[in-house]
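>
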Amino acid sequence: MFSNNKKNKIVFFTLFVNGVIFFGLEWIAGSLIQGDNIYKNVGMMDGKHPLMEFDGDLGYQIRKQAMGKLTHMFPMIVEKQKITDISGKPISTKLSFTYQEGIIRSENGDIVVNSLGYRGPYFKKNKSPDTFRIVAMGGSTTAGMYENELTYPRLLERMLNRAVTGKQKIEVINAGLWGYTSCQVMKRYKKEIVDLEPDVILLMSGWNDINKMRESGIKKKSQYCMNHHPVLVRSNIFRFLRLKISEGFKNKPSELGINFFQGNTKYYLENLREIIEDAEAKGTHIVLVSLPSLFERGNIDKFIRYEQFSGFSLQEIGYRQSALMHINSLKKKIANEYKHVFYVDNGLSPLTKGKSQFFADTIHPTGAGNRVLAFQLFKYLNEKYKFGETFGQKYSEENWSKNKLELEYLKSIFASNQTEDLSFSACLALHGGVCTHKQVAITKHVHMTGINEFILGSILQFPLVSKSPDFKSLFENLMRKAIDLSPDFSVSYWIFGTFYSINGEKELSRKYLEEAFKINPLLKDFSFIKNAKKFLKNFRQDPFIFNFRKFVEFVKRDYVPGAHFMKYNFHLSVGYLNKKSSDEAIARHMEFYYFAPLLARSIFSKTASYLKNRQEPDLAEKIIMKTRQLITQNGLKSLS
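Just so we're aligned, residue 983 is where the sequence shown starts under this note's numbering, counting upward by one.
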């Protein structure tokens, strides 16, 4: 028999050894987690990550008041060299003109966030009487990747506000979060979204549930949602095992997953119903949106040739295809059970073929893919709520061919083309498809569609520019590049033919248009002149781009990844600006607007404030008046 003293020593020693082992495993697991996983980031575990913070109910979410919080930052690296200020300190990779909104560098790209903890520019939490508020909820397919101007909620808002007649303003708030399952979506709805008083909620959730549904041993919803337990998600060991298990699903047979899938879908449906039934009591409509994916219906041999499927086993592809089809059918079924719930096919579901040029991987659309998705929702919402001009577009749920998809993509460029579109597409076109992100899985598709959007957007917004010899040469070189990147993409030939038609070069126009019609006969009935007139009917010229040549030269000349962070740190300090003339100070702010048009309100608010402090109220008022001419979107109210 041991004495009590000896027993205590043994217990203490055992606990000590187990603690050392546990913390050792925690350290090893933390160092082994892949760098592109959101849980292995600068300051994630100590609460100092610049973009994300931990919430006891929701897990990790976008940091609230991120611009005003002291956090770690990702270093600014150009050509493998860290960029520092004159004192040798790393420059800040947070960029904001007010604490309400700004840009934060994450591991792989730059994200625009606001102080309320949502992606996108700042909006007022309290909804004004003249605002129709739409909230988009879901996981990463809603949140978007690194195309700040081309997330689907952002595109949808531009489309709807362009169409609206009268004084009503439409907000589309991006409440998507990377990695969120229906469990977290439901919890966030109750904790935050209800207070926003949405008129409509767009719910596109399910991909992150599909892996969860394949697990065995789940007997109740609390187990189904356990992955987001506040203690578990802080554990490196738990997160490492979860990451490795999910990676293993790519290459290992999925028969077990299929067996358990059907039984576990009920917990997913319970989460959706909680949102639906609470929304009904509050008079909020729910639109269940089909999940986007590169998958198609039928035999998988028809689509596994796409490079995005590299690394997936046939069994895994088959499982995900079956699960996807089942989830979308369940959403459609639920919509028929409630009067306030509706189902919309987004144009990128398995009903559509030939989508490879619109996806970064098997489930995440590129910016071009988001255009198609937003355009489908635009047609549906505009019909249902009669916001205003429909531009002759009607929503329908149908099987799309590759030709139909490319036609709808072309229409979507006309439906949304403002400075935000032009800024980002110019950056993609002129810099090889890489802009606010470090890398893209399949750069050629992003580059090709970026070229198309930049050239067509330039022609629409600045009709005379294509007749300039310099721009003619630039556009020709870019269009040839787009065709080389994707020779079977009909829209490139159509835009090239249209470009030559505008310039009076009939033979070249005929050559490229005939090739476009040969690839895609549906384009024969799409008239540039007719649709350009519709576009110009609701288009307002941007008062801050009075010289398109300088705009393009600036994007082309001054761009390096993260250039806006360097310029922000070196060129926008009060000391630097005070040494310059007022015109030069205004020019520096305008350059930032060209790079980050989502921050228009805060940028020009800062400009006006700076000019007032320099005792130049008349010039400040001119800036305010010009800003009022901008189309106000997503809570970007006029400056006062």
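Glycine is no exception: its CB is placed at the ideal position from the N, C-alpha and C atoms.
Source: prediction; values computed, not measured.
For Gly1121, count the other beta carbons within 10 Å of its own beta carbon; 16 or more makes it buried, fewer makes it exposed. Which is it?
Burial call: buried.
> Between the Cα of Pro1032 and those of Met1119, His1553 and His1054, spot the shortest distance and give me the residue it belongs to.
The shortest Cα separation from Pro1032 among Met1119, His1553 and His1054 belongs to His1054.
> When DSSP builds the beta bridges, which residues end up paired with Met1186?
Answer is Gly1120, bridged to Met1186.
> Run through the region 1330 to 1395 for me and flag every whole alpha helix (DSSP H) of 4 or more residues, listed as ranges in chain order.
As far as the region 1330 to 1395 is concerned, its whole alpha helix (DSSP H) runs of at least 4 residues are 1349 to 1367.
> Mind reading off the beta-carbon distance from Ile1286 to Ile1268? Whole number of angstroms is fine, and I expect it under 8 Å.
About 34 Å separates the two Cβ atoms, so there is no contact after all.
> Would Ser1455 and Val1537 be called neighbours here (beta carbons separated by less than 9 Å)?
No, these two residues do not count as a Cβ contact at 9 Å.
> Which same chain residues, not among the five before or five after Val1323, have their C-beta less than 6 Å away from its C-beta?
Taken in chain order, the residues that qualify are Ile1258, Ile1268 and Ala1317.
> Using a 10 Å radius around the Cβ and a threshold of 16 neighbouring Cβ atoms, would you call Ala1342 buried or exposed?
Buried.
> Please classify Gly1265 as buried or exposed, where buried requires at least 16 other C-beta atoms within 10 Å of its C-beta.
Exposed.
> Can you list, in chain order, the residues of its chain with a C-beta nearer than 6 Å to that of Ser1088? Leave out the 5 residues immediately preceding and following it.
Cβ neighbours of Ser1088 beyond the five flanking positions: Leu1033.
> Leaving out five residues before and five after Met1607 in sequence, what residues of the same chain have Cβ atoms less than 6 Å from its Cβ?
Nothing listed; no residue qualifies.
> When the Cα atoms are used, what is the spatial distance from Gln1244 to Glu1278?
For Gln1244 and Glu1278, the distance between alpha carbons rounds to 20 Å.
> For Ser1078, which three-state DSSP category applies?
The answer is strand: DSSP assigns Ser1078 an E or B state.
> Whole angstroms are fine: how far does the CA of Phe1478 sit from the CA of Leu1438?
Answer to the nearest angstrom: the Cα atoms are 9 Å apart.
> Buried or exposed for Pro1103, going by 16 or more other Cβ atoms inside 10 Å?
So Pro1103 ends up on the buried side.
> With a 10 Å radius around its C-beta and 16 neighbouring C-beta atoms as the bar for buried, classify Arg1140 as buried or exposed.
Classification for Arg1140: buried.
> CA-CA distance, Glu1496 and Tyr1475?
Computed Cα separation, rounded: 8 Å.
> Considering only C-alpha positions, which residue in the set Gly1557, Cys1207, Tyr1206 and Gly1188 is nearest to Ile1345?
That would be Gly1188, whose Cα lies nearest to the Cα of Ile1345.
> Rank Met1049, Lys1386, Ser1383 and Glu1365 by C-alpha distance to the C-alpha of Tyr1377 and give the top, closest one.
Per the Cα distances, Glu1365.
> Pair every Cβ in the region 1327 to 1339 with every Cβ in the region 1402 to 1417, then say whether three or more of these pairs are closer than 8 Å.
No, the region 1327 to 1339 is not in contact with the region 1402 to 1417.
> Sort out for me which residues DSSP pairs Gly1084 with in a bridge.
For Gly1084, which the question treats as bridged, DSSP gives the partners Val1095.
> In terms of residues, what are the limits of the alpha helix (DSSP H) holding Asn1281?
Where Asn1281 is concerned, there is no enclosing alpha helix (DSSP H), given that its DSSP letter is neither H nor E.
> Taking the alpha carbon of Lys1248 as the point to measure from, which residue in Tyr1320, Ser1164 and Leu1273 has its own alpha carbon closest?
Minimum Cα distance to Lys1248 is reached at Ser1164.
> For Ile1282, which option in Phe1105, Gln1303 and Tyr1081 has the closest C-alpha, if you only look at C-alpha atoms?
Of the listed residues, the one whose Cα sits closest to Ile1282 is Gln1303.
> Taking the CB atoms as reference points, tell me whether Leu1306 and Ile1395 lie closer together than 9 Å.
No; because the gap between Cβ atoms is not below 9 Å, this pair is not in contact.
> My output table needs one value for Asp1507: the three-state DSSP class, helix, strand or coil.
Residue state, collapsed to three classes: helix.
> With contact counted as at least three CB pairs below 8 Å, one residue from each stretch, are the region 1370 to 1389 and the region 1503 to 1523 in contact?
Counting Cβ pairs under 8 Å, three or more are found: they touch.
> Determine the contact status of Leu1137 and Asn1328, defining contact as a CB-CB distance below 9 Å.
Contact flag unset, no.
> For Arg1586, which residues of its own chain have a beta-carbon under 6 Å away from its beta-carbon, when the five flanking residues on both sides are left out?
Position check: residue 1586 holds Phe in this sequence, whereas Arg was assumed. Result list for Phe1586: Ile1605 and Thr1609, in chain order.
> For the region 1462 to 1475 and the region 1484 to 1491, state whether three or more C-beta atom pairs, one from each stretch, are separated by less than 8 Å.
As far as the Cβ criterion goes, the region 1462 to 1475 does not touch the region 1484 to 1491, which means the pair count is below three.
> Can you tell me where the beta strand (DSSP E) holding Glu1153 begins and where it ends?
Note, Glu1153: beta strand (DSSP E), Lys1151 to Asn1156.
> Relative to the C-alpha of Cys1207, which candidate in Asp1039, Glu1535, Asn1551 and Tyr1081 has its C-alpha closest?
Comparing Cα positions, the closest option is Asp1039.
> Cβ of Phe1373 within 9 Å of Cβ of Leu1142?
Taking 9 Å as the Cβ cut-off, Phe1373 and Leu1142 do not qualify as a contacting pair.
> Mind pulling the beta strand (DSSP E) runs of 3 or more residues that sit fully within the region 1424 to 1493?
Those beta strand (DSSP E) runs which fall completely within the region 1424 to 1493 and span 3+ residues do not exist here.
> Among Ala1578, Lys1549 and Tyr1592, which has the Cα closest to the Cα of Ile1568?
Closest option to Ile1568, Cα to Cα, is Tyr1592.
> If you draw a straight line from the C-alpha of Thr1066 to the C-alpha of Ile1073, how long is it?
Their backbone Cα atoms lie some 5 Å apart in a straight line.
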